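Below: the structure, in C-alpha cells.
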Amino acid sequence: MLIVMNHNATKADVDAIGRIVKEMGFRAEPIPGSERTAIGVLGNHGYVDDCKILELPGVQRVIHVSKPYKLVSRDFHPDNTIVDVSGVKVGQGCRQVVVGGPCAVESEEQIVKTAIFVKKCGADMLRGGAFKPRTGPHTFQGLREEGLRLLAIAGKESGLPIVTEVMSPDNVGLVAEYADLLQVGARNMQNFDLLRELGKIRKPVLLKRGMSATVEEFLAAAEYILAEGNDQVILCERGIRTFETATRNTLDLSIVPLIKEMSHLPIMVDPSHATGKRSLVVPMAKAALVAGADGVLVEVHPEPEKALSDGPQSLTFPAFERMMIEIGQLTAFMRSC
Ligand code: PEP
Ligand code: MN
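Numbering of the sequence shown is given in the numbering used here, commencing with residue 1 and proceeding in unit increments.
Next up, the structure:
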C-alpha cells in the first residue's frame with residue numbers, strides 16, 4: 001500500500017502515520033518527492049484496511065499495490081536510482097556505460113591483456129566469469145577462486161571495476177571480497193536464497209533476466225534483494241527463449257523503456273548472450289543504447305576461436321575497438337538531439 005500525502009502535509013502528519021502503521025503491525029517507509037511525500041507500507045501479506053489512515057490529517061489518497069513488488073516500483077520511488085560501482089555511476093541517463101571482457105577467466109595473460117585493452121578503448125568495467133553456470137557438466141566450469149584472484153590482478157593493472165558471477169549463496173562472501181559488482185546469471189534469477197543473501201551485503205548486484213521470466217517475475221526477483229536492504233541493483237536484459245532458433249535467444253529490447261516506466265532501477269543490455277552471434281552484437285548494443293539502456297555488457301576475447309566458452313559470440317579486439325568508436329559517435333549524437 002502507498003499513502004500519498006497532500007503537498008502541505010507536515011512532518012508531524014507523516015510521523016503520525018508512521019506510528020499508526022507500526023501499531024497495525026507493518027513498517028512505514030517515507031518516500032520524499034519534489035511535490036509531496038508518499039509513505040510506503042511494507043510487511044503486509046494481503047489487503048490492508050485503510051479506513052483509519054484515510055481519516056488522518058495530511059492524507060490525500062491511498063493506493064493499494066497488488067503487484068508482487070513494491071520497493072522496485074516507480075510508485076514507491078519516483079526518482080531514478082543511481083548505482084555506484086566503485087565510482088562508476090550507472091543510471092544517470094546522460095552517461096551510458098560499457099562493460100567488456102571474456103565470458104570466462106581462463107588465464108592471467110588472457111584476463112590482464114583483455115582488461116588493459118578494453119580500458120584503453122574506453123570501457124568502464126571488466127567482466128569475466130570465475131564460477132561458470134554451464135549447461136552441461138563436462139564443459140569448462142571456470143577457475144573458481146583462482147579466477148577471482150586473476151580478476152583482482154586484472155582490475156589492479158587496468159584500474160577497472162570487476163563484474164563477476166556468483167552462483168550460490170555460500171559463495172556470496174567470497175565473491176564479494178573480489179567483485180565490485182556481483183552478477184546473478186539468468187539461470188539463477190529465481191534462486192531466492194541467493195537473492196536474499198545478496199540483499200544483505202553492501203555491494204551492488206547485476207541481476208540478469210531469467211530466460212523465460214516475465215517482466216513481473218524479473219522485478220519480483222529484484223524485490224527480494226531490495227527487501228533485505230540492498231537497493232544497489234542493476235537489471236540486465238540478456239534475451240529470452242522464444243520459438244526462434246536462428247539466434248541464441250530473442251533480445252527483448254522493448255523491456256528497456258518498459259522497465260524505465262515501471263521501475264526506478266537502472267537497466268543494462270547484454271547483446272552477446274542475447275544473440276549468440278558475433279556479427280549481431282554491435283548492432284544490438286547500439287540499438288540498446290538508443291532504446292535508453294543505462295549500459296551494455298559485451299563479451300570480448302583476445303582469441304575468440306580458442307575461447308573455452310562463448311567464443312562464437314565474443315568480439316575480437318579490433319571489433320571491440322570499432323564498437324567503442326561507433327558507440328562514442330552514437331552517444332554524442334544522442335546528446336546533441
Ligand atoms: C554470462 O554472463 O557469462 C552468462 C552466463 O550470462 P547469462 O546468465 O545471461 O546466460
Ligand atoms: Mn558467456
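Even for Gly, the Cβ is constructed at its ideal location relative to N, Cα and C.
Bear in mind the structure is a predicted one, so any value in this text is a computation, not a measurement.
So what does GLU35 bridge to, in DSSP terms?
Looking at the DSSP assignment, GLU35 forms no beta bridge with any residue, so it has no partner.
Here's the rule I'm using: 16 or more other beta-carbon atoms within 10 Å means buried, otherwise exposed. How should ASN8 be labelled?
exposed
Cβ of THR250 within 8 Å of Cβ of ILE240?
yes
According to DSSP, is ILE82 helix, strand or coil?
coil
Could you please give me the residues that DSSP links to GLN183 through a beta bridge?
GLU165, LEU206
With distances taken Cα to Cα, identify the nearest neighbour of THR275 among SER263, GLU237, GLY295.
GLU237
Quick one: is the Cβ of PRO186 within less than 7 Å of any heavy atom of the ligand PEP?
Before going on, a small fix: residue 186 reads as Ala here, not Pro. It does: the Cβ of ALA186 is within 7 Å (strictly closer) of some heavy atom of the ligand PEP.
Classify ASP170: buried if its beta carbon has 16 or more other beta carbons within 10 angstroms, exposed otherwise.
exposed
State whether the region 213–224 contacts the region 179–197, with contact taken as three or more CB pairs (one from each stretch) at a distance under 8 Å.
yes
Would you check if there are 3 or more beta carbon pairs closer than 8 Å linking the region 261–280 to the region 76–85?
yes
Given the structure, does PRO312 come close to the ligand PEP, in the sense that its CB is under 7 Å from one of the ligand's heavy atoms?
no
Pick from ARG278, GLY93, ARG144, ILE201: whose alpha carbon is nearest that of MET334?
GLY93
Could you pull the DSSP bridge partners for SER73 from this structure?
SER263
Simplified DSSP assignment, three categories, for LYS89
strand
8 Å contact criterion, which GLY40 and ILE31 should meet: CB distance rounded
6 Å
Alpha carbon of ARG36 to alpha carbon of LYS277, nearest angstrom:
48 Å
Best match in GLU299, GLY210, PRO204 for proximity to ALA104 [C-alpha to C-alpha]
GLU299
Which residues in the same chain have their Cβ closer than 6 Å to the Cβ of VAL118, if we skip the five residues on either side of it in sequence?
GLY100
Given a cut-off of 8 Å, decide if VAL4 and ILE63 are closer than it, judged by their beta-carbon atoms.
yes
For MET323, I'd like the list of residues in its chain whose CB is within less than 6 Å of its CB, leaving aside the five on either flank, ordered along the chain.
VAL282
Taking VAL65 as the reference, give the member of VAL59, SER73, GLY58 with the closest Cα.
SER73
Three-state secondary structure (DSSP) at THR214?
coil
Limits of the unbroken alpha helix (DSSP H) element including GLN110:
108–121
Could you check if HIS301 belongs to the surroundings of the ligand PEP, using beta carbon to heavy atom distance under 7 Å?
no
Unbroken stretches of the alpha helix (DSSP H), 4 residues or longer, contained in the region 226–285:
255–262, 271–275
Minimum C-alpha distance to LEU126 - residue among LEU143, GLY155, ALA227, SER168
GLY155
By alpha-carbon positions, which one of GLY185, ALA130, SER309 ends up nearest to TYR178?
ALA130
Hey, could you find the ends of the alpha helix (DSSP H) LEU194 is sitting in?
192–199
My understanding is that ILE111 touches GLY128, with C-beta atoms under 8 Å, so please give their C-beta distance in whole angstroms.
6 Å
Residue range of the beta strand (DSSP E) that includes GLN96:
Where GLN96 is concerned, there is no enclosing beta strand (DSSP E), given that its DSSP letter is neither H nor E.
PHE243 classed as buried or exposed, judged by whether at least 16 other C-beta atoms fall within 10 angstroms:
exposed
Nearest to GLY159 by alpha carbon, out of GLY142, THR114, PRO133, VAL172?
THR114
Checking the sheet assignment: what are the DSSP bridge partners for PRO30?
ILE39
What residue range does the beta strand (DSSP E) around LEU126 cover?
125–127
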